[in-house]
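Residue numbers (this note's numbering), protein chains in the order written: chain A, 1166 to 1436; chain B, 1166 to 1436.
Below is one structure, written out as structure tokens, with a few remarks after it.
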């Protein structure tokens, strides 16, 4: 997966991922708490953007946070150490070849990972095996098809579509958020409940205008300029017009909408 | 506006509007309460789908509910009488030629009306004049551009686009929900706050599968089949495929998303 990771591994990209985590923490994570002593597997922790929130909100739970990238794990570990968190063990592991025994965990947490996988149901089914009966999985994914804004702009939609196409080429799915419910059901989880987390931004919410519209979403789309043009998906001028129009939605009369989906399911039997 | 009203005035359409109101009452209206004795103007009450909710939730407020259609007003009045509501006065009036004096009301309520107007800011500015300083306006609008679903379908999006095009031809805007904030600001309201009300439907929410995906949204799009084909916007086969695909999203593994926008603003001065 390393080569294909559409968001890249550069310093600027890591900064974007941190901004995103900062602006969205409450929206996405405020209802996630794990009991004292519970064993939680975080899958695809990356540079620890979500890990620090999880660990601080459930200080008595014991986290095992895995990622495929050693470099990301090193950054995540350093970050958690700086924050004084001692309840997280980091480990390099592949989601499709997990080194843990069946039912080794009480809870599994998967955030912004399935969007990069060609076989998300298979991944979820493997994670199901990691859970004790009655354990839970929490899945959070975005959906670029949930993006709309004012003023509307065909060029902006075309630029966003480049990201969707590149992610598809890499085997992923940038429109996966809406599928969290059927994916969890298909993987055998029960009592599945999905709740959308919509980010609505207008100029009465300046922290979101800056933290989400500009520095999270538009910066992410801007980040695929070179590969999108190189792949012949779009002309440079049209891409740049799309980015300008996305920044335009961050002005005083602009509006920007995006939705994340959070799903929770229960493991019924240790399959 | 009568001839141009895109939803039509037929019995089946009125049934759809009632189903819609039933399924969405809590989502859209649970936070709307008016104090005892306050004078509330409801603009574009239609057949009373929202009126009955407003009147029952604020039984001590006095409502004046206006519409351009005598036939709709008659149905609304009959409906309110049947429900035993006595705090609503119905009156035929044009939003652009209101028969009330300046500052005649404490609150104004406008639901699913701006989408049909070619000059929504002008309408809101006229309504602003109806309010006492410190009075509030509440605006609720949908946005067909907020529609996405699983399985995705280009034909379904094309069918929806017919409704958007027909509404545009009639002088309206089916994508107006996202503009509630800038429209209220442009009309001179202050302290404007907009909150999206997303309808998320999967098969764990069967009342919404039936009440919203099937009987509200898909039925509405189905209702423009004849005018869309007559206007040359789409081939009959493609439209029908789109409708089939919309119904497909109501099956066990389907997901359907739509968002309404509710905005509240304050009248600062009696302009």
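Positions of the beta carbon are idealized from the N, C-alpha and C atoms, including for glycine.
Model, not experiment: these values are computed from the prediction.
I need the DSSP call for residue 1354 (chain A), collapsed to helix, strand or coil.
Of the three classes helix, strand and coil, the one that applies to residue 1354 (chain A) here is coil, per DSSP.
Comparing the C-beta of residue 1361 (chain A) with each C-beta of chain B, is any distance below 8 angstroms?
It does: the Cβ of residue 1361 (chain A) has a partner Cβ on chain B nearer than 8 angstroms.
Please report the distance separating the alpha-carbon of residue 1430 (chain B) from that of residue 1293 (chain B).
Rounded to the nearest angstrom, the two C-alpha atoms are 10 angstroms apart.
Using a Cβ cut-off of 7 angstroms, pull out every chain A residue sitting near residue 1309 (chain B), in sequence order please.
Those within 7 angstroms of residue 1309 (chain B) in chain A number zero; the least Cβ separation is about 10 angstroms.
Establish whether the CB of residue 1318 (chain B) and some CB of chain A are separated by less than 8 angstroms.
With 8 angstroms as the cut-off, residue 1318 (chain B) does not count as an interface residue toward chain A.
Do residue 1306 (chain A) and residue 1426 (chain A) have their CB atoms nearer than 8 angstroms?
Their beta carbons are under 8 angstroms apart, which means residue 1306 (chain A) touches residue 1426 (chain A) by this criterion.
Buried or exposed, going by whether 16 or more other CB atoms sit within 10 Å of the CB of residue 1241 (chain A)?
Counting Cβ neighbours within 10 Å, residue 1241 (chain A) comes out buried, since at least 16 surround it.
Counting only Cβ pairs nearer than 8 angstroms, list the residues of chain B close to residue 1369 (chain A).
What residue 1369 (chain A) touches in chain B: 1346, 1357, 1358, 1359.
Going by DSSP in three states, residue 1184 (chain B) sits in which element: helix, strand or coil?
A caution first: residue 1184 (chain B) carries a pLDDT of 49, below 50, which makes its placement in the model too unreliable to give a value.
Tell me whether the beta-carbon of residue 1208 (chain A) lies closer than 8 angstroms to the beta-carbon of residue 1227 (chain A).
Going by C-beta atoms, residue 1208 (chain A) is not nearer than 8 angstroms to residue 1227 (chain A).
If you run the structure through DSSP and keep just helix, strand and coil, what is residue 1309 (chain B)?
It is a strand residue.
For residue 1340 (chain B), decide whether its Cβ has a neighbour in chain A, counting only Cβ atoms nearer than 8 angstroms.
It does; some Cβ of chain A falls within 8 angstroms.
Consult DSSP for residue 1198 (chain A) and reduce its assignment to one of helix, strand or coil.
Residue state, collapsed to three classes: coil.
Which residue or residues does DSSP assign as beta-bridge partners of residue 1438 (chain B)?
Examination of residue 1438 (chain B) is not possible in this model, given that chain B is present from 1166 through 1436 alone.
Going by other Cβ atoms of all chains shown within 10 Å of its Cβ, with 16 needed for buried, is residue 1387 (chain B) buried or exposed?
Per the 10 Å Cβ criterion, buried.
Smallest Cα separation from residue 1265 (chain A): which of A:1371, A:1296, A:1279?
Of the listed residues, the one whose Cα sits closest to residue 1265 (chain A) is A:1296.
Compare the Cα-Cα distances from residue 1193 (chain B) to each of B:1405, B:1364, B:1374, B:1336 and report the closest residue.
It is B:1364 whose Cα lies nearest to the Cα of residue 1193 (chain B).
Taking the C-alpha atoms as reference points, what is the distance between residue 1232 (chain A) and residue 1243 (chain A)?
Near 15 angstroms, if we compare the C-alpha coordinates of residue 1243 (chain A) and residue 1232 (chain A).
Ends of the beta strand (DSSP E) at residue 1237 (chain B)?
Unbroken run through residue 1237 (chain B) is the alpha helix (DSSP H), 1235–1247; no beta strand (DSSP E).
Could you tell me the distance, in whole angstroms, from the CA atom of residue 1273 (chain A) to the CA atom of residue 1355 (chain B)?
Those two C-alpha atoms are separated by around 45 angstroms.
Consider the Cβ of residue 1284 (chain A): report whether some Cβ of chain B lies at a distance smaller than 8 angstroms.
Not one chain B Cβ lies under 8 angstroms of residue 1284 (chain A).
Use the C-beta contact count for residue 1195 (chain B): other C-beta atoms within 10 angstroms, 16 or more gives buried, fewer gives exposed.
It counts as exposed.
Hey, quick one: how far does the beta strand (DSSP E) through residue 1275 (chain B) stretch, first residue to last?
Note, residue 1275 (chain B): beta strand (DSSP E), 1270–1276.
Check whether the Cβ atoms of residue 1344 (chain B) and residue 1281 (chain A) lie closer than 8 angstroms to each other.
Result no, Cβ atoms of residue 1344 (chain B) and residue 1281 (chain A) do not sit closer than 8 angstroms.
Is there at least one Cβ from chain A nearer than 8 angstroms to residue 1412 (chain B)'s Cβ?
Not closer than 8 angstroms to any Cβ of chain A, the Cβ of residue 1412 (chain B) fails to qualify, so no.
Under three-state DSSP, which class holds residue 1208 (chain B)?
Three-state DSSP puts residue 1208 (chain B) in a strand.
Residue 1394 (chain B) lies in the beta strand (DSSP E); which residues open and close that run?
That residue, residue 1394 (chain B), is in no beta strand (DSSP E); its alpha helix (DSSP H) goes 1390–1395.
Residue 1276 (chain A) to residue 1230 (chain A), Cα distance in whole Å?
So the alpha carbons of these two residues sit roughly 12 angstroms apart.
Please classify residue 1167 (chain B): is it buried, with 16 or more other beta-carbons within 10 angstroms of its beta-carbon, or exposed?
Low confidence applies here, because residue 1167 (chain B) scores a pLDDT of 37, under 50, leaving its location unreliable and the question unanswered by this model.
What number of angstroms, rounded off, separates the C-alpha of residue 1286 (chain A) from the C-alpha of residue 1218 (chain B)?
Going by the C-alpha atoms only, they are around 43 angstroms apart.
Using a beta-carbon distance below 8 angstroms, is residue 1430 (chain B) in contact with chain A?
No, its Cβ sits nowhere closer than 8 angstroms to a Cβ of chain A.
For a test of your reading of the model: does the CB of residue 1367 (chain B) fall under 7 angstroms from any non-hydrogen atom of the ligand NAP? Yes or no.
This structure lacks the ligand NAP; in fact it carries no ligand of any kind.
Does the count of Cβ pairs from the segment 1395–1403 of chain A and the segment 1324–1331 of chain A closer than 8 angstroms reach three?
Yes: the two stretches touch, three or more of their Cβ pairs being nearer than 8 angstroms.
Can you have a look at residue 1436 (chain B) and say buried or exposed, based on whether 16 or more other CB atoms are within 10 angstroms of its CB?
Note that residue 1436 (chain B) scores a pLDDT of 46, beneath 50, so its modelled location is shaky and nothing firm can be said.
Between residue 1309 (chain B) and the rest of its own chain, which residues show a CB-CB distance below 7 angstroms, the 5 nearest in sequence each way excluded?
If we look at residue 1309 (chain B) and ignore the five residues flanking it on each side, its Cβ neighbours are 1325, 1328, 1329, 1339, 1340.
Answer with yes or no whether the minimum CB distance from residue 1314 (chain B) to chain A is below 8 angstroms.
At least one chain A Cβ lies under 8 angstroms of residue 1314 (chain B).
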